[in-house]
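Student:
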Amino acid sequence: MPLHETAPKLTPEQYERNFADIKPALSARQASVEAARCLYCFDAPCTIACPTHIDVPAFIKKISTGNLLGSARVILSANILGESCGRVCPTEVLCEGACVMHEKGEEPIDIGRLQRYAVDSVGDRKFQLFRRGRSNGKRVACIGSGPASLSCAAELAKWGYEVTIFDRNELAGGLNTYGIAAYKTRASDSLREVEMIRELGVQFRQKVEIGRDIVFTDLEEQFGAIFIGVGLGETRELKMPGEDLHGVYGAIEFIEKTKVAPFSEIELGGKVACIGAGNTAVDVVTAARRLGAAAVYLIYRRGEHEASAFEYEVELAKKDSVVFLWQTQPVRVLGQDGVVTGLECVRTQPGSREAAGRGNAQVVPGSEFTLGVDMVVRAVGQKPVTEFLRSVKGLQLHANGTVQINDQFQTGNPKYFAGGDCTNGGKEVVDAVADGMAAARGLDAWLGSPRAVSSTN
Ligand SMILES: Cc1cc2nc3c(=O)[nH]c(=O)nc-3n(C[C@H](O)[C@H](O)[C@H](O)COP(=O)(O)OP(=O)(O)OC[C@H]3O[C@@H](n4cnc5c(N)ncnc54)[C@H](O)[C@@H]3O)c2cc1C
Ligand code: SF4
Numbered sequence: 000m001p002l003h004e005t006a007p008k009l010t011p012e013q014y015e016r017n018f019a020d021i022k023p024a025l026s027a028r029q030a031s032v033e034a035a036r037c038l039y040c041f042d043a044p045c046t047i048a049c050p051t052h053i054d055v056p057a058f059i060k061k062i063s064t065g066n067l068l069g070s071a072r073v074i075l076s077a078n079i080l081g082e083s084c085g086r087v088c089p090t091e092v093l094c095e096g097a098c099v100m101h102e103k104g105e106e107p108i109d110i111g112r113l114q115r116y117a118v119d120s121v122g123d124r125k126f127q128l129f130r131r132g133r134s135n136g137k138r139v140a141c142i143g144s145g146p147a148s149l150s151c152a153a154e155l156a157k158w159g160y161e162v163t164i165f166d167r168n169e170l171a172g173g174l175n176t177y178g179i180a181a182y183k184t185r186a187s188d189s190l191r192e193v194e195m196i197r198e199l200g201v202q203f204r205q206k207v208e209i210g211r212d213i214v215f216t217d218l219e220e221q222f223g224a225i226f227i228g229v230g231l232g233e234t235r236e237l238k239m240p241g242e243d244l245h246g247v248y249g250a251i252e253f254i255e256k257t258k259v260a261p262f263s264e265i266e267l268g269g270k271v272a273c274i275g276a277g278n279t280a281v282d283v284v285t286a287a288r289r290l291g292a293a294a295v296y297l298i299y300r301r302g303e304h305e306a307s308a309f310e311y312e313v314e315l316a317k318k319d320s321v322v323f324l325w326q327t328q329p330v331r332v333l334g335q336d337g338v339v340t341g342l343e344c345v346r347t348q349p350g351s352r353e354a355a356g357r358g359n360a361q362v363v364p365g366s367e368f369t370l371g372v373d374m375v376v377r378a379v380g381q382k383p384v385t386e387f388l389r390s391v392k393g394l395q396l397h398a399n400g401t402v403q404i405n406d407q408f409q410t411g412n413p414k415y416f417a418g419g420d421c422t423n424g425g426k427e428v429v430d431a432v433a434d435g436m437a438a439a440r441g442l443d444a445w446l447g448s449p450r451a452v453s454s455t456n
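Written out as structure tokens, the structure is:
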């Protein structure tokens, strides 16, 4: 069924221009000039701010002396997904946010792009920096192939474990492949990292859903321990009339298309409304504008200062002429012949403060209005995969559906460890990587640390 009105198709060149790297790669000259600005601080605050604690001054120093291989080794030893993190990390609030240059009133060091420069130089020349460790005879399964499982599997493979990753998707990489905005990273970038991890001897079994295609008891029989890195699930529903009309999409499902389908084949309304104000909502509206939608609205029932999206992401969407309707609450999706034609909204105003300190929006009587749109995207958070998690014997969940773990990342069932979005409720790639590595250490200790060999060439 077609949408009420669709956005005009752009030329392939326009799509590529619109989705070009938002932080373009540095040239060798730019990298060397930028590296020379670094003060190589002792107890560097950037290293402390990075969840994987990459030794930032050390890798930048190596860039400045032309030792790109050494630089990449510093990065990838601390964070095997250092390449994608260089592209997608919110560096403004992590390493670069902590840079001492701020105190001097200068621009922070461009750490993310230097990191990408060093790691790309290895990837482009197809160097394999790490080797699989000599087999210690122990087998570990990872459920999910997102950043958490990838980092866990890579660590374990370096220590001699035989690791198999199971993922229900066709392609590996989790949201790194399917979810992160195309102007930050393409699916091919993520798949290149997957290949690096495959070369460490990690086995990938795609299109296998654990709990459906393989039952837990079989997995437990075949593997000494199991890491759960299943992330979060589908986008939450709006629970409002009209939600089942054609033209209402979940944010994750919409963004996924921008990652794996040709831009020209994506179904897009001429006018699009996105409900929510997190980073995912901002990714949706920015993508919709760049795909050619004439008008794109972001709708949030509270004020701008209460949006959970990073400020710099909101600014990006503003530059793309997205219309932000703050203090606006959607009431129902309107349609004709089963297809979206509009969104009925009311204005709100800040009410009494809630316990969490966020404004309790109150409807302004008589403020109803209709927005003519052809597509509505729900970006009100992802649901936890509670049903799946509950089917693992002994696993305990927090009230918000995330998995309870101890400081070794071990769950209530000692054979199962967990990390990433399914335990932290949805953070960043770098946090999932840090979790995966910590879980690998916990898992290794529980299995008696049968490490055999050094992990680098
Ligand atoms: C739209 C969007 C944009 C984002 N943008 C950024 C960004 O710019 N920068 C950033 O740092 N972070 C970003 N993030 C967050 C980041 O993508 C996640 O924090 C990270 O991917 C979490 O990794 P994970 O391994 O825990 O889970 P995921 O990446 O979600 O991977 C989980 C994997 O488990 C698989 N799986 C689930 N259940 C099963 C099962 N039963 N059997 C087999 N496989 C299963 C899934 O198919 C999936 O591949 C974004 C997230 C979203 C949703
Ligand atoms: S991984 Fe991310 S936070 Fe850590 S140093 Fe690199 S860009 Fe900064």
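Per numbering that gives the first Met the number 0, the very first residue in the sequence shown carries number 0; after that it's consecutive. For every residue, glycine included, the Cβ atom is placed at its ideal position computed from N, Cα and C.
When the distance is taken between beta carbons, is V375 closer than 8 Å to V321?
Tutor: If you number the sequence shown from 1, residue 321 lands on position 322. If you number the sequence shown from 1, residue 375 lands on position 376. Taking the C-beta atoms as reference points, V375 is found no nearer than 8 Å to V321.
Student: Could you check if N405 is buried or exposed, using at least 16 other CB atoms within 10 Å of its CB as the buried criterion?
Tutor: Translated into the one-based positions of the sequence shown, residue 405 becomes position 406. Looking at its Cβ environment, which holds fewer than 16 other Cβ atoms inside 10 Å, N405 is exposed.
Student: Tell me which same chain residues have a C-beta within less than 7 Å of the C-beta of S366, skipping the five on either side of it?
Tutor: Position 367 of the sequence shown, counted from the start, is the residue given in the question as residue 366. Cβ within range, chain order: V345, R346.
Student: Quick one: is A354 buried, meaning 16 or more other Cβ sit within 10 Å of its Cβ, or exposed?
Tutor: Taking the sequence shown and counting its residues from 1, one reaches residue 354 at position 355. Note that A354 scores a pLDDT of 48, beneath 50, so its modelled location is shaky; the value from the coordinates is reported in the next line. A354 comes out exposed.
Student: For T279 and G143, what's the separation of their Cα atoms in angstroms?
Tutor: Residue numbering aside, residue 279 sits at position 280 when the sequence shown is read from its first letter. Residue numbering aside, residue 143 sits at position 144 when the sequence shown is read from its first letter. Their backbone Cα atoms lie some 21 Å apart in a straight line.
Student: May I have the straight-line CA-CA distance separating Q348 from L342, to the nearest angstrom?
Tutor: The residue labelled residue 348 in the question sits at position 349 within the sequence shown. The residue labelled residue 342 in the question sits at position 343 within the sequence shown. Cα-Cα distance, rounded: 19 Å.
Student: For ligand 3, I want to know if D188 counts as a neighbour, meaning its beta carbon is within less than 7 Å of at least one of the ligand's heavy atoms.
Tutor: No copy of ligand 3 occurs in the structure displayed; its ligands are ligand 1 and ligand 2 alone.
Student: Is G111 close to ligand 2? I mean its beta-carbon at under 7 Å from any heavy atom of the ligand.
Tutor: If you number the sequence shown from 1, residue 111 lands on position 112. Checking the Cβ of G111 against ligand 2 gives yes.
Student: Would the C-beta of G81 count as close to ligand 2, meaning under 7 Å from any of its heavy atoms?
Tutor: Position 82 of the sequence shown holds residue 81. Indeed, a heavy atom of ligand 2 lies less than 7 Å from the Cβ.
Student: Please report the straight-line C-alpha distance between F368 and L324, rounded to a whole angstrom.
Tutor: For the purposes of this step, residue 368 is taken as the residue at position 369 of the sequence shown. For the purposes of this step, residue 324 is taken as the residue at position 325 of the sequence shown. About 12 Å.
Student: Output the distance between the C-alpha atoms of Q361 and Y299, rounded to the nearest integer angstrom.
Tutor: As a first step, residue 361 is located in the sequence shown; it is residue number 362 there, counting from the start. As a first step, residue 299 is located in the sequence shown; it is residue number 300 there, counting from the start. Going from the Cα of Q361 to the Cα of Y299 covers about 12 Å.
Student: Helix or strand or just coil, what does DSSP make of E219?
Tutor: Position 220 of the sequence shown, counting from 1, holds the residue named residue 219. Of the three classes helix, strand and coil, the one that applies to E219 here is helix, per DSSP.
Student: Check whether the segment 232-247 touches the segment 156-163, counting contact only when three or more Cβ pairs, one atom from each stretch, lie closer than 8 Å.
Tutor: no
Student: Return helix, strand or coil for H101, following the three-state DSSP convention.
Tutor: Reading the sequence shown from its first residue, position 102 is the one you call residue 101. If DSSP states are grouped into helix, strand and coil, H101 belongs with the helices.
Student: Quick one: using the 10 Å Cβ neighbour count with 16 as the cut-off for buried, is N399 buried or exposed?
Tutor: Your numbering for residue 399 matches position 400 in the sequence shown. With a 10 Å radius around the Cβ and a threshold of 16 neighbouring Cβ atoms, N399 comes out exposed.
Student: Output the distance between the C-alpha atoms of R301 and Y177, rounded to the nearest integer angstrom.
Tutor: What you label residue 301 is simply residue 302 of the sequence shown in a count that begins at 1. What you label residue 177 is simply residue 178 of the sequence shown in a count that begins at 1. Those two C-alpha atoms are separated by around 29 Å.
Student: Run through the DSSP bridge pairs and tell me what T369 is partnered with.
Tutor: Within the sequence shown, residue 369 is the residue found at index 370, counting from 1. By DSSP's assignment, T369 forms a beta bridge with E343.
Student: Let me know the beta strand (DSSP E) ranges lying completely inside the segment 160-227, each 3 residues or longer, listed in chain order.
Tutor: 161-166, 202-205, 224-227
Student: What number of angstroms, rounded off, separates the C-alpha of L544 from the C-alpha of F253?
Tutor: Here the chain covers residues 0 to 456 and nothing more, so residue 544 does not appear.
Student: Can you tell me the Cα-Cα spacing of P146 and K318, whole angstroms?
Tutor: Taking the first residue of the sequence shown as 1, we reach residue 146 at position 147. Taking the first residue of the sequence shown as 1, we reach residue 318 at position 319. The straight-line gap from Cα to Cα measures roughly 30 Å.
Student: Around the Cβ of Q114, are there at least 16 other Cβ atoms within 10 angstroms (buried) or fewer (exposed)?
Tutor: Taking the first residue of the sequence shown as 1, we reach residue 114 at position 115. Result: buried.
Student: Can you check whether the CB of L315 is closer than 8 Å to the CB of I274?
Tutor: To locate residue 274, count along the sequence shown from 1; it is residue 275. To locate residue 315, count along the sequence shown from 1; it is residue 316. Not closer than 8 Å, so no.
Student: In terms of residue numbering, what span does the alpha helix (DSSP H) encompassing Q114 cover?
Tutor: Looking up residue 114 in the sequence shown gives position 115. Its alpha helix (DSSP H) spans residues 110-123.
Student: Is the beta carbon of I47 closer than 8 Å to that of A6?
Tutor: The count along the sequence shown starts at 1 and reaches residue 6 at position 7. The count along the sequence shown starts at 1 and reaches residue 47 at position 48. The answer is no: Cβ separation not under 8 Å.
Student: Count the C-beta pairs between the segment 123-142 and the segment 30-43 that are closer than 8 Å, then say yes if the count reaches three, no if not.
Tutor: no
Student: Using only the alpha-carbon positions, how far apart do P50 and V87 sit?
Tutor: Reading the sequence shown from its first residue, position 51 is the one you call residue 50. Reading the sequence shown from its first residue, position 88 is the one you call residue 87. A direct Cα-to-Cα measurement between P50 and V87 gives close to 14 Å.
Student: Could you compute how far the alpha carbon of N17 sits from the alpha carbon of G269?
Tutor: Within the sequence shown, numbered from 1, the residue matching residue 17 stands at position 18. Within the sequence shown, numbered from 1, the residue matching residue 269 stands at position 270. For the pair N17 and G269, the Cα-to-Cα distance works out to about 17 Å.
Student: Considering only their Cβ atoms, is the gap separating V372 from V339 smaller than 8 Å?
Tutor: In the sequence shown, residue 339 corresponds to position 340, counting from 1. In the sequence shown, residue 372 corresponds to position 373, counting from 1. In this structure, V372 lies closer than 8 Å to V339 by Cβ.
Student: Do you know offhand how far E208's Cα is from F215's?
Tutor: Translated into positions along the sequence shown, residue 208 becomes position 209. Translated into positions along the sequence shown, residue 215 becomes position 216. Those two C-alpha atoms are separated by around 11 Å.
Student: Tell me the DSSP secondary structure of I274 in three-state form.
Tutor: Within the sequence shown, the letter at position 275 stands for residue 274. In the structure shown, I274 sits in a strand (DSSP, three-state: E or B).
Student: Please return the same chain residues whose Cβ sits closer than 6 Å to the Cβ of S448, not counting the five positions on each side in sequence.
Tutor: Counting from 1 along the sequence shown, the entry for residue 448 is found at position 449. Correct list: empty, nothing qualifies.
Student: Under a Cβ-count criterion, where at least 16 other Cβ atoms within 10 Å of its own Cβ denotes burial, should R288 be classed as buried or exposed?
Tutor: Residue mapping note: residue 288 aligns to position 289 of the sequence shown, counting from 1. Answer is buried; the Cβ neighbour count reaches 16.
Student: Cβ of S144 versus every heavy atom of ligand 1: is any distance shorter than 7 Å?
Tutor: Reading the sequence shown from its first residue, position 145 is the one you call residue 144. Yes, the beta carbon of S144 sits closer than 7 Å to at least one heavy atom of ligand 1.
Student: Please state whether DSSP places D243 in a helix, a strand or coil.
Tutor: For the purposes of this step, residue 243 is taken as residue 244 along the sequence shown, with counting starting at 1. It is coil, neither helix nor strand.
Student: Can you determine whether any heavy atom of ligand 2 sits closer than 7 Å to the C-beta of T234, and answer yes or no?
Tutor: Start at 1 with the first residue of the sequence shown, and residue 234 comes out as number 235. No; taking the cut-off as 7 Å, the Cβ of T234 has no heavy atom of ligand 2 nearer than that.
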